[in-house]
Amino acid sequence: MAQPDSKKIFFENLSGAGKAIAVLTSGGDAQGMNAAVRAVVRMGLYVGAKVYFIHEGYQGMVDGGENIREASWESVSSMLQVGGTVIGSARCKEFRTHEGRLKAAHNLVQHGITNLCVIGGDGSLTGANLFREEWSGLLGELVEQGLIEADAVQKYSALHIVGMVGSIDNDFCGTDMTIGTDSALHRIIEVVDAIMTTAQSHQRTFVLEVMGRHCGYLALVSALACGADWVLIPEMPPEDGWEDKMCQKLSATRSRGTRLNIIIVAEGAIDRHGKPITSSIVKDLVVKCLGFDTRVTILGHVQRGGTPSAFDRILASRMGVEAVLALLETTANTPACVVSLCGNQSVRLPLMECVQMTQEVQKAMDEKRFEEAVKLRGRSFENNLKTYKLLAHRKPESELPTSNFNVAVLNVGAPAAGMNAAVRSAVRVGISEGHKMFAVSDGFEGFYKGQIKEIKWADVGGWTGQGGSLLGTKRTLPAKHVDKIAEQMRKHNINALLVIGGFETCDRIKQSASGTKRRVFIIETMGGYCGYLASVGGLAAGADAAYIYEEPFDIRDLQANVEHLTEKMKTSIQRGLVLRNENCNENYTTDFIYQLYTEEGKGVFDCRKNVLGHMQQGGAPSPFDRNFGTKISAKAMQWISKKLVETFRQDEGRVFANTEDSCCLLGMRRRALVFQPVVQLKEDTDFVHRIPKEQWWLKLRPLMKILAKYKTSYDVSDSGQLEHVVRIRPKESDASVAM
Ligand code: ADP
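Written out as structure tokens, the structure reads:
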């Protein structure tokens with residue numbers, strides 16, 4: 018069999034030969050910055066450019082000397098999993114001055130650097146943009162002062178800049194997530210989970226202060242992810258009289274038997290008059306009004322610490338690669354850009370527009386235009402706030418509408434972290450919309466057996482953080498028992514059904530394969546035929562190969578990888594990681610690969626294998642899964658409510674579910690959450706292998722290979738966005754043509 022097309026090289030004028038790219042981290046550090054630096058260095062080298070580190074942020078650029086050092090492939094090894102920034106970051110007063118920037122320009126020209134990749138917050142990016150605008154003027158001055166030759170002005174005429182936002186606060190307009198935010202959320206949620214176990218035994222109220230002097234993202238999303246009772250953020254200060262309201266709410270939950278209350282306060286929380294609301298003010302209030310045992314926890318720098326999450330590593334790796342491509346494509350006339358994330362896509366946006374938008378938010382807050390501040394933060398922020406309000410604040414029964422509709426919720430398929438958050442959200446949103454909510458246990462099996470009963474608001478309290486499926490889930494398919502299920506639906510008068518689950522779903526993959534010498538780890542991941550976990554896990558862990566069903570491989574690929582690993586062991590990096598999806602190939606089993614590598618690696622490296630198995634489905638859900646489960650489910654429930662009203666025929670007293678969109682799947686497609694009629698999805702699905710025929714993440718695969726030093730391929734599409742030539746396993750007919 019010939020090598021699949023997807024492994025060919027596609028390069029159109031995108032050579033970095035003769036170019037010098039420098040990378041620096043600036044402002045506050047954030048987890049994932051290292052992954053971004055690594056990606057810039059390796060992608061830069063891959064395209065044939067020279068790459069330089071600038072240590073200590075702008076300070077290093079101003080000071081020059083040892084701070085500017087050429088980077089090699091090996092110099093970024095083993096840094097993917099390290100928190101903070103290895104190349105150092107600093108605040109630099111001098112760079113704010115013309116003199117400082119002049120020195121910086123001089124240092125760059127001496128190394129022939131005209132491409133700069135800045136990883137930092139809006140301050141750092143503003144500085145970068147200013148530097149770019151002044152560049153030719155600065156060179157002129159350097160010539161006048163006799164510090165550089167006159168022809169250098171021509172030679173280094175333009176400075177190209179690309180920004181990546183590294184900030185744990187997620188305070189930058191234009192990107193859904195900044196590098197570091199997800200890891201910070203992990204730290205916060207770990208603390209909340211820990212607190213929850215101790216506080217349950219004591220009846221306590223916890224006031225948790227999280228970072229965010231100007232941005233309430235961390236506070237808001239942590240509140241969503243742990244189902245906090247109250248949250249205070251700068252963008253949306255509470256109405257006057259909030260003190261009484263908050264205390265009423267706390268005392269109401271206590272009287273319903275809740276033993277633990279959590280209040281989350283953003284560092285920069287204020288009231289409607291701009292007066293700070295600190296965690297100690299909140300504590301004193303609770304103690305004075307309610308006499309509750311109340312403790313304050315201020316998280317501080319813990320939030321910046323620890324290893325970066327898988328999400329941050331992948332985000333940063335993708336952004337780093339995209340940043341290099343952006344630099345190669347930049348001309349003197351294109352404005353400086355920032356690479357960012359929109360939905361599941363990486364995009365390039367004009368840097369200054371994003372910075373200005375971000376500053377607008379602050380201005381709106383300063384001028385007490387709070388509604389606008391929330392809007393300016395972006396769609397996702399607004400949606401978080403809406404969802405939080407919807408789920409945390411239970412209206413008294415008397416104020417709830419009555420819809421007369423009954424809606425049932427059930428889990429199907431394998432248990433996945435985040436399922437419980439989704440059920441909680443569906444139940445609470447459903448109740449808020451006036452429906453009577455029913456829970457089905459044990460999936461369709463429980464359904465046909467009649468395991469269905471009403472579920473109330475308080476029944477799902479504390480569900481967000483729990484792993485597995487509290488309702489119980491089974492893989493049983495409904496088809497066999499459709500009649501009995503229909504009977505149950507009639508019996509309980511169910512008007513709509515929300516099914517949470519699906520084909521293979523699981524969220525966790527843990528790797529610990531560092532530190533050992535000359536060893537190759539072969540890890541088998543779950544996912545049925547779906548290679549997502551192996552591929553994306555591979556990217557997050559810096560793997561050398563990830564074998565999956567969707568990208569066929571043969572003995573030559575295995576051989577190439579063994580050779581690659583043998584070569585690699587000769588360098589200073591003496592560790593290999595190979596992922597293999599459980600169903601990638603029926604003959605090249607994990608044992609086979611392990612034995613092949615062991616034999617071929619004799620005398621060079623030894624192998625260890627590990628089948629991750631069910632631990633991938635276990636454990637507490639990550640903040641991302643909690644929130645994704647919560648938000649997607651709230652959206653689904655609202656959609657169901659709308660459809661119920663639309664399709665209800667007053668005269669017949671019945672809901673009509675006979676159109677294509679009566680049965681939809683809600684999911685992320687490119688940049689948006691969309692409802693897709695299942696009938697239509699049938700055509701896009703490979704039912705035998707339980708995977709979609711087209712998988713968006715396949716385009717991430719070459720990234721892993723490039724970052725692991727393979728000669729692999731990229732296709733850069735017209736839009737400038739990175740597109741891998743995605744080739745799904747050929748259909749029978751295609752295959753016969755190929756052979
Ligand atoms: P962040 O990048 O995280 O927002 P800062 O605002 O502290 O952090 O900015 C980091 C560094 O970027 C500053 O110490 C300074 O060197 C540089 N910088 C910030 N704003 C500007 C500006 N307007 N002009 C020039 N340099 C700036």
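Heads up: the sequence shown begins at 18 in my numbering, then just goes up one per residue.
Cβ atoms here follow ideal geometry from the backbone N, Cα and C, with glycine treated the same way.
Exposure of residue i, with buried meaning 16 or more beta-carbon neighbours within 10 Å
i    : result
G100 : buried
T214 : exposed
F692 : exposed
D524 : With a pLDDT of 36 at D524, under the threshold of 50, the modelled position of this residue cannot be trusted; read the value that follows with caution. Buried, because 16 or more other Cβ atoms sit within 10 Å of the Cβ of D524.
P719 : buried
V440 : buried
T102 : buried
I206 : buried
P418 : exposed
G191 : buried
G154 : exposed
E568 : buried
S458 : buried
V696 : exposed
G646 : buried
I572 : exposed
N84  : buried
E521 : At E521, the pLDDT of 46 sits below 50, so the modelled position is not reliable and the matter cannot be decided from this model.
C109 : buried
S239 : buried
T348 : exposed
S589 : exposed
H318 : exposed
A340 : buried
N350 : exposed
Sequence-distant residues of the same chain with beta carbon closer than 6 Å to residue i, five excluded per side
i    : result
R535 : M586, Q591 and F622
G129 : A37
D751 : Bear in mind that a pLDDT of 30 at D751, under 50, signals an unreliable position, so the model cannot answer this.
Q483 : N437
M253 : F387 and V391
R411 : W474
G117 : V79 and E111
Cβ neighbours of residue i in the same chain (closer than 7 Å, five flanking residues each side left out)
i    : result
Q127 : none
M685 : G360 and N361
I565 : G548, A551, S552, N598 and C601
K710 : D701, T702, D703 and I745
Q379 : H231
G33  : G61, V64, G65, A66 and L345
S297 : V313
I281 : L225, V227, A236, S239, A240, A245 and V248
Contact set for residue i: own chain, Cβ-Cβ below 8 Å, skip 5 residues either direction
i    : result
S531 : Annotation note: pLDDT 42 at S531 (below 50); position unreliable, coordinate value reported separately. Within the same chain, S531 has close Cβ partners S95, Q98 and R592.
M194 : N187, F328, L332 and L358
M654 : V424, S442, A443, V446, G447, E450 and L515
G105 : T42, H72, E73, G74 and G77
V579 : L613, Y614, E617 and G618
N510 : N423
A107 : S43, E73, G74, Y75, Q76 and G77
C624 : R536, V537, F538, I539, Y611, Y614, T615 and G618
Anticipated Cβ contact below 8 Å, residue i with residue j, distance rounded
i    : j    : result
S334 : A56  : 5 Å
I539 : K626 : 4 Å
A145 : V135 : 4 Å
I657 : V424 : 6 Å
L133 : L176 : 6 Å
G233 : P251 : 5 Å
L393 : E414 : Contact doesn't hold; Cβ gap of about 37 Å is too wide.
V170 : I279 : That belief does not hold up - the Cβ atoms of V170 and I279 are roughly 60 Å apart, past 8 Å.
L758 : G460 : Because residue 758 is not part of the residues shown, which for the chain are 18 to 756, the question remains open.
Q320 : A201 : 4 Å
L594 : A558 : 6 Å
F554 : L596 : Rather than Phe, the amino acid found at residue 554 in this sequence is Gly. Yes, G554 and L596 are in contact; Cβ-Cβ is about 6 Å, under 8 Å.
Practice prompt. Evaluate the contact criterion for the stretch 121-140 versus the stretch 74-83: three or more CB pairs, one atom per stretch, below 8 Å.
Written response: As far as the Cβ criterion goes, the stretch 121-140 touches the stretch 74-83, which means the pair count is three or higher.
Worksheet item: Counting pairs of Cβ atoms below 8 Å between the stretch 308-322 and the stretch 446-453, do you hit three or more?
Response: Taking 8 Å as the limit for Cβ pairs, the verdict is that the stretch 446-453 does not touch the stretch 308-322.
Worksheet item: Are the stretch 499-516 and the stretch 246-264 touching by the rule of at least three beta carbon pairs closer than 8 Å?
Response: Segment contact: the stretch 499-516 against the stretch 246-264, fewer than three CB-CB distances shorter than 8 Å; contact not assigned.
Discussion item. Would the stretch 483-495 count as touching the stretch 454-473 if we require 3 or more Cβ pairs under 8 Å?
Written reply: Taking 8 Å as the limit for Cβ pairs, the verdict is that the stretch 454-473 does touch the stretch 483-495.
Worksheet item: Hey, is the stretch 224-231 in contact with the stretch 344-358, meaning 3+ C-beta pairs nearer than 8 Å?
Response: Contact fails between the stretch 224-231 and the stretch 344-358, because fewer than three Cβ pairs, one in each stretch, are under 8 Å apart.
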